[in-house]
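Residue numbers (full-length UniProt numbering), protein chains in the order written: chain B, 1 to 330; chain Y, 1 to 330.
Just so you know, even glycine gets a beta-carbon here, dropped at the ideal spot from N, CA and C.
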DNA sequence: ATGAAAGCGCTAACAC
DNA sequence: GTGTTAGCGCTTTCAT
């Protein structure tokens, strides 16, 4: 631990200029006589002066920090988002104030309020009981969300869940599947639109969809739901899972139950988390562009902060990722 | 977006008291006549006053924020750390300023310096070219690191890598393996100690160890290294990987190469990431207590901030997790 | 128990 | 170009 950090005033005194001058120099707000410039440069690194960003923040009202709230940092879909956001933030000299809202006894709303005070804007991925959304609209700080929102006053970015689901269903139908099931998580905001996508596609082929639920949108949740789906008379020959985590859990349990995958049942996930590639059979899924979503969200945020009132929804296109967990029926 | 947030002064005026009084009330620094107390309480929530934490920070010099720097947010070992740290931080009304150092063109040192200015302390998990360590020692803010450090002036927490490695080796020897290999990542700070652990154990049984390297400590790295290990005359009958990610990649590629696991080769990883359970065969590994590490690191940090100069190394005990990727030779 | 006043370190508007 | 002067919103002695 070293001596007390020097302030702008220390520099001013040492260099025989005024604090204001030092400030302007440090921020490149103005040009200087090379005389002063040199003196300043020299003093600054002799003293090892570094601006105090906190003090700067109270003076300017800007923190150059973006708050990022996500549910579960263990879900690679979310870490993808954070990764993308982090990258863009760094490029623009912003930092990320992070909170995993799933981890707290406090309610989400409270957490967001706390976060909000320390940042210039909020990027939020949450279950969002809609009152949080109302709160965001009221907030003086800009927010960006994920998924298509009921109203467009809060900008958001999402991959088109309906289309993603439709694509998967189409793929499965093309593979001649007869009985398709969806293993969803009712607590998730995009559950319904995914069901619609699948349903619409199946309906256009004269097929129906059976829907099952997990209790948790995790691998463990998928494991626990498996037997309910597999150990019945007319079991499905394909199951579409709400996300990859669920799919992976489901596959493990199905195999433990003695089923052969994809021979006995085709399984597909959604998100395209990196691990999908490493399970057996490799998981067919649809890429929901997690990392890109984080990037775009941060770009939108920077836009808001720049005053562009560009609001609105940015739609990313999902992409089918065909691997080995699906196969043609006959 | 709503009206301007009210300040401590607005409250003071409305309630006919001085700003100082409001401050003391808000911070519970003092007791008040119930008269004033009620007036204050009423005005505060009528105005919806919330303290400005940034201004408070410049006045107090404390931010109630801890910086967390990790390399790769996609590695579940690291997200485990963040998760643990986040939980403890939240419990103590601290926030996490997060940066993924692997994501930036800027060097780590610079990133840390930036972070450092906005937080009360730093929790750092990094490749750390040791100059970063020197920097931390010099820094006026407390830091805590992961792993046993060359000197003890910076507190740190780690799972005993030597012991973890020893345990694994012992397990493999007990399973009658003849030719054991280590697939390491030389860039990692704990590579050497893990090698030592394995080596010492093997040596005590009169066995030797062959060491291979990956280029990246990721699943992809493991995949790429696989053929170098497997496609040789006297291939090993067991490989210990530097981490689970590598192990998972290795297994996938080995299977793609036509090998049967664990019949042809036993594979073991380190970390115990949640996914290890879901690959096939389920990965035998050793739990390095990621989440607990994050928690303990944060506790140590809080201790430092409380002035307890408790420094030193906290050692977590690794635990063998036996699954299906290893089997007895004969 | 309450108020007055002096900062915290920095920025920004204005003067010279 | 450079200096002066107010703040930013809050905390914290020190009086009263």
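Q | Close-in-space but distant-in-sequence residues of the same chain around residue 61 of chain Y (CB under 8 angstroms, 5 per side omitted) | A | Within the same chain, residue 61 of chain Y has no close Cβ partners at all.
Q | Against chain Y: residues of the stretch 209-224 of chain B by CB proximity under 8 angstroms | A | For the stretch 209-224 of chain B, the beta-carbon criterion of a distance under 8 angstroms to any beta-carbon of chain Y is satisfied by 219.
Q: Measure the alpha-carbon distance for residue 1 of chain B versus residue 58 of chain B and round it to whole angstroms.
A: Low confidence applies here, because residue 1 of chain B scores a pLDDT of 49, under 50, leaving its location unreliable; read the following figure in that light. Near 26 angstroms, if we compare the C-alpha coordinates of residue 58 of chain B and residue 1 of chain B.
Q.
Is there a Cβ of chain B sitting closer than 9 angstroms to that of residue 278 of chain Y, yes or no?
A. Cβ-Cβ to chain B under 9 angstroms: yes for residue 278 of chain Y.
Q. When DSSP builds the beta bridges, which residues end up paired with residue 315 of chain Y?
A. Residue 315 of chain Y pairs with Y/158.
Q.
Please tell me whether residue 51 of chain B has its Cβ less than 9 angstroms away from any Cβ of chain Y.
A. True, the Cβ-Cβ gap to chain Y drops below 9 angstroms.
(Q) residue 194 of chain B and residue 164 of chain B - do their beta-carbons sit closer together than 9 angstroms? (A) Their beta carbons are under 9 angstroms apart, which means residue 164 of chain B touches residue 194 of chain B by this criterion.
Q | Bridge-paired residues (DSSP) for residue 210 of chain Y | A | The bridge partners DSSP lists for residue 210 of chain Y are Y/181.
Q: List the whole-angstrom C-beta distance separating residue 236 of chain Y from residue 324 of chain Y, where the pair is believed to meet the contact cut-off of C-beta under 8 angstroms.
A: Actually they are not in contact, since the Cβ atoms of residue 236 of chain Y and residue 324 of chain Y sit about 18 angstroms apart, beyond 8 angstroms.
Q. Which runs of the alpha helix (DSSP H), 4 residues or longer, sit entirely within the stretch 241-305 of chain B?
A. For the stretch 241-305 of chain B, whole alpha helix (DSSP H) runs of length 4 or above, ordered along the chain, are 244-256, 290-305.
Q: May I ask you to list, following chain order, the residues of the stretch 74-100 of chain B that have a beta carbon less than 7 angstroms from some beta carbon of chain Y?
A: Taking 7 angstroms as the cut-off between beta carbons, the residues of the stretch 74-100 of chain B near chain Y are 74, 76, 79, 82, 83, 86, 87, 90, 95, 96, 97, 98, 99, 100, in sequence order.
(Q) Below 9 angstroms on C-beta distance, what does residue 32 of chain Y contact in chain B? (A) Against chain B, a Cβ distance below 9 angstroms from residue 32 of chain Y picks out nothing, because the smallest value is about 25 angstroms.
(Q) Residues in the same chain with beta-carbon distance under 8 angstroms from residue 186 of chain Y, minus the five sequence neighbours each way, listed in chain order, please. (A) So the list reads 213, once near-sequence residues are dropped.
Q | Presumed contact (8 angstroms Cβ cut-off) between residue 74 of chain Y and residue 290 of chain Y, rounded CB distance | A | That pair is no contact at about 14 angstroms.
Q: Quick one: residues in its chain with C-beta nearer than 6 angstroms to the C-beta of residue 9 of chain B, no 5 flanking neighbours on either side, listed in chain order?
A: So the list reads 19, once near-sequence residues are dropped.
Q | beta strand (DSSP E) segment containing residue 66 of chain Y, residue limits | A | Unbroken beta strand (DSSP E) run through residue 66 of chain Y: 65-70.
Q. Do residue 118 of chain Y and residue 94 of chain Y have their C-beta atoms within less than 9 angstroms of each other?
A. In this structure, residue 118 of chain Y keeps its C-beta atom at 9 angstroms or more from the C-beta atom of residue 94 of chain Y.
(Q) Could you give the first and the last residue of the continuous beta strand (DSSP E) run that contains residue 97 of chain B? (A) First-last of the beta strand (DSSP E) with residue 97 of chain B: 95-100.
Q: Give every residue of the same chain whose Cβ lies closer than 7 angstroms to the Cβ of residue 312 of chain B, excluding the five residues on either side of it in the sequence, and list them in chain order.
A: Only residues of its own chain outside the window of five on either side were considered, and among them 152, 155 have a CB closer than 7 angstroms to the CB of residue 312 of chain B, listed in chain order.
Q: Say whether chain Y places a C-beta atom closer than 9 angstroms to the C-beta of residue 1 of chain B.
A: Per-residue confidence for residue 1 of chain B stands at a pLDDT of 49, beneath the threshold of 50, marking its modelled position as unreliable; no derived number is given.
(Q) In the DSSP assignment, the beta strand (DSSP E) including residue 121 of chain B goes from what residue to what residue? (A) Looking at the DSSP string, the run of the beta strand (DSSP E) that includes residue 121 of chain B is 121-124.
**Q.** residue 140 of chain B at chain Y interface by Cβ criterion, 9 angstroms
**A.** Yes, its Cβ sits closer than 9 angstroms to a Cβ of chain Y.
Q) Quick one: is residue 85 of chain B buried, meaning 16 or more other Cβ sit within 10 Å of its Cβ, or exposed? A) Buried, by the Cβ-count rule.
Q) Residues of chain B with a CB under 7 angstroms from the CB of residue 248 of chain Y: which are they? A) Simply 278.
Q: Could you spell out the range, first to last residue, of the beta strand (DSSP E) harbouring residue 146 of chain Y?
A: Unbroken beta strand (DSSP E) run through residue 146 of chain Y: 143-146.
Q. Taking buried to mean at least 16 other C-beta atoms within 10 Å of its own C-beta, is residue 68 of chain Y buried or exposed?
A. The residue in question, residue 68 of chain Y, is buried, as its Cβ has 16 or more Cβ neighbours within 10 Å.
Q.
I want to verify the contact list: residues of chain Y whose CB lies under 9 angstroms from the CB of residue 63 of chain B, in sequence order.
A. By Cβ distance, chain Y contributes 54, 118.
Q: Could you spell out the range, first to last residue, of the alpha helix (DSSP H) harbouring residue 230 of chain Y?
A: Segment 219-230, the alpha helix (DSSP H) holding residue 230 of chain Y.
Q | 6 angstroms CB neighbourhood of residue 279 of chain B in its chain, flanking five on each side removed | A | Excluding positions up to five away in sequence, the list reads 248.
(Q) Just to confirm, is the Cβ distance from residue 162 of chain Y to residue 200 of chain Y under 9 angstroms? (A) Yes, they are a contact pair.
Q.
Please confirm whether residue 318 of chain Y has its beta-carbon closer than 9 angstroms to some beta-carbon of chain B.
A. Not one chain B Cβ lies under 9 angstroms of residue 318 of chain Y.
Q | Distance between residue 215 of chain Y and residue 169 of chain Y (C-alpha atoms, nearest Å) | A | Looking at the two C-alpha atoms, the distance is approximately 23 angstroms.
Q: Report the residue from B/82, B/106, B/109 whose alpha carbon sits nearest the alpha carbon of residue 97 of chain Y.
A: Minimum Cα distance to residue 97 of chain Y is reached at B/82.
Q) Going along chain Y in order, which residues have a C-beta closer than 7 angstroms to the C-beta of residue 300 of chain B? A) What residue 300 of chain B touches in chain Y: nothing, since even the nearest Cβ is about 16 angstroms away.
Q. Between the stretch 252-277 of chain Y and chain B, which residues of the former have a C-beta closer than 7 angstroms to a C-beta of the latter?
A. Along the stretch 252-277 of chain Y, going in chain order, the ones with a CB nearer than 7 angstroms to a CB of chain B are 252, 274, 275.
**Q.** Proximity winner among Y/265, Y/231, Y/80, relative to residue 72 of chain B (alpha-carbon distances)
**A.** Of the candidates Y/265, Y/231, Y/80, Y/80 places its Cα closest to the Cα of residue 72 of chain B.
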